[in-house]
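First up is the structure itself, then whatever we jot down about it.
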Amino acid sequence: MTIKSSSSSFSPTRRGLLTAAALSTLAVPAFSKPSQKVSNVSGGFKDIKAIAFDIQGTVVDYYTPFMRTTAGISKRGCPSIDWHAFLLEWTAGASATIQNIVAGTQPWMPAGQIYRQALDKVIDQRNLTGFIGEDERSKLMSVWGQMEPWHDSAEGISRLKRKFTVSALSNAGMATVISLSKRGRLNFDAVLTGELVRAYKPAPEVYKSASIYLGFRPEEIMMVAAHEWDLKAAKEAGFKTAFVPRPLEVGPSSKADVVADESTDVVAKSLVDLARMASA
16 MTIKSSSSSF SPTRRGLLTA AALSTLAVPA FSKPSQKVSN VSGGFKDIKA
66 IAFDIQGTVV DYYTPFMRTT AGISKRGCPS IDWHAFLLEW TAGASATIQN
116 IVAGTQPWMP AGQIYRQALD KVIDQRNLTG FIGEDERSKL MSVWGQMEPW
166 HDSAEGISRL KRKFTVSALS NAGMATVISL SKRGRLNFDA VLTGELVRAY
216 KPAPEVYKSA SIYLGFRPEE IMMVAAHEWD LKAAKEAGFK TAFVPRPLEV
266 GPSSKADVVA DESTDVVAKS LVDLARMASA
């Protein structure tokens, strides 16, 4: 059964999260405002028993495989394309659909279907239908299964696992995250995604599912993400939060969240740094 969040039940803060998520629910980071104070001491881990990780952008890099794939497409006679802008348009389109699903104005659909519809729309809008056929579209879609762990991800997760239950908590599909975890040697105890409850972050159902499946109270779980909107929603769900910036998430010429919101409990430079702060 499809689980929907009624937009009428959202507080103003929740609507703000939806607006941010329109930019970054699956990929593109929302822009952040400088914060005044953020706790980054080991005391932020007090009573924490599990750590849930956002995947896309936080644990894995999708920009590098995207640019590698598009370089191959360009060599096959495709007209000059600003692939960076193409990626932003693609992910923004997917995120707009996610926003509608979270608001309850559109039925749930799998992440792969959302991304394929958004891809086709960008190609049509850019009048590239004659140049980007089914073969090229399949290659572009394969990018999301080829995402690569950031250099600190595998080590950081493995170290944190020494002290905590560690789990993915992603908007991507279950099969995608399982495959990425296996190939990238991301040593999670569990893989959880919104697909399990047919919902997407920042819907509260997704965070609640982590508490249910991991068997810990919300206040015993820490959400780790590179996106301010995700951490704000997790905080509303009762989680503690940790911010790890990924300034190159959408390439060197794009803005990403680099400063944590003042409500964030812990700020780390990397996942290895986060493990160090937790004495793991």
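Per our numbering: the sequence shown = residues 16 to 295. Where is the CB? At the ideal position from N, CA and C, for every residue including glycine.
How long is the line joining the alpha carbons of Lys48 and Asp150, rounded to whole angstroms?
In this prediction, Lys48 scores a pLDDT of 41, lower than 50, which makes its location untrustworthy; no coordinate-derived value is stated.
Under 8 Å Cβ to Cβ from Thr28, same chain only, skipping five residues before and after it: list those, please.
The predicted model places Thr28 with a pLDDT of 43, which falls under 50 and marks its position as unreliable; any figure quoted below should be read in that light. If we look at Thr28 and ignore the five residues flanking it on each side, its Cβ neighbours are Lys247 and Glu251.
Tell me which residues share the same chain as Cys93 and place their Cβ nearer than 6 Å to its Cβ, disregarding the 5 neighbours each side in the sequence.
If we look at Cys93 and ignore the five residues flanking it on each side, its Cβ neighbours are Phe146.
What is the DSSP secondary structure of Glu163, counted as helix, strand or coil?
Reduced to three states, the DSSP call for Glu163 is strand.
Report the CB separation of Ala205 from Leu229 in whole angstroms; it is logged as a contact under 8 Å.
The Cβ separation is near 7 Å, so the contact holds.
Work out the CA separation of Lys64 and Trp105 for me, nearest whole Å.
The alpha-carbon atoms of Trp105 and Lys64 are separated by roughly 37 Å.
Contact check, Ser194 vs Val74, beta carbons under 9 Å
Going by C-beta atoms, Ser194 is not nearer than 9 Å to Val74.
Hey, which unbroken runs of the beta strand (DSSP E) at 3 residues or more fall wholly within the region 105-182?
Entirely contained in the region 105-182, not one beta strand (DSSP E) run reaches 3 residues.
Report the rounded CA-to-CA distance for Met124 versus Ala67, giving the unit in angstroms.
A direct Cα-to-Cα measurement between Met124 and Ala67 gives close to 23 Å.
Please report the distance separating the alpha-carbon of Gly160 from that of Gly188.
Distance from the CA atom of Gly160 to the CA atom of Gly188, rounded to whole angstroms, is 10 Å.
Please report the residue range of the beta strand (DSSP E) in which Thr256 lies.
It spans Lys255 to Phe258 - the beta strand (DSSP E) in which Thr256 sits, taken as one unbroken run.
What's the call for Asn186, buried or exposed, on a 16-neighbour Cβ count within 10 Å?
Here Asn186 is buried: its Cβ has 16 or more other Cβ atoms, across all protein chains shown, within 10 Å.
Hey, would you say Phe254 sits closer than 9 Å to Ile236, going by beta carbons?
Note that the C-beta distance between Phe254 and Ile236 is below 9 Å.
Ends of the alpha helix (DSSP H) at Leu246?
That run of the alpha helix (DSSP H) goes Glu243 to Glu251.
Out of Val117, Gly72 and Asp288, state which residue places its alpha-carbon closest to the alpha-carbon of Val212.
Nearest of Val117, Gly72 and Asp288 to Val212, Cα basis: Val117.
Is the separation between the beta-carbon of Tyr77 and that of Val158 shorter than 9 Å?
Tyr77 places its beta carbon less than 9 Å from that of Val158.
Using the beta-carbon count (16 or more within 10 Å), is Asp97 buried or exposed?
Within a 10 Å sphere around the beta-carbon of Asp97 sit fewer than 16 other beta-carbons, which makes this residue exposed.
I'd like to check one pair, Ala133 with Gly108: are the Cβ atoms closer than 9 Å?
Contact: yes.
Measure the CB-CB distance between Asp69 and Met238 and report whether it falls below 9 Å.
In contact: Asp69 and Met238 (Cβ atoms closer than 9 Å).
So what does Leu184 bridge to, in DSSP terms?
Leu207.
Taking DSSP's pairing of strands, which residues face Ile236 in a bridge?
Within the DSSP secondary-structure output, Ile236 pairs in a beta bridge with Ala65.
Are the Cβ atoms of Ala295 and Arg177 separated by less than 9 Å?
Yes, these two residues count as a Cβ contact at 9 Å.
Go ahead and label Ser20 buried or exposed: buried means 16 or more other beta carbons lie within 10 angstroms of its beta carbon, across all protein chains shown.
Confidence at Ser20 is low in this model, with a pLDDT of 34, below 50, so its placement is unreliable and the value that follows should be read with caution. Result: buried.
What three-state label does DSSP hand Asp288 in the structure shown?
It is helical.
Host alpha helix (DSSP H) of Lys90 (start-end)
In this chain, the alpha helix (DSSP H) harbouring Lys90 covers Tyr78 to Lys90.
When you compare each of Leu201, Ser278 and Trp165 to Arg261 by their alpha carbons, which one comes out closest?
Considering only alpha carbons, the answer is Trp165.
In terms of residues, what are the limits of the alpha helix (DSSP H) holding Ser196?
Under the DSSP assignment, Ser196 falls in the alpha helix (DSSP H) whose first and last residues are Met189 to Arg198.
Val281 - DSSP class collapsed to helix/strand/coil:
When DSSP states are grouped into helix, strand and coil, Val281 belongs to the strand group.
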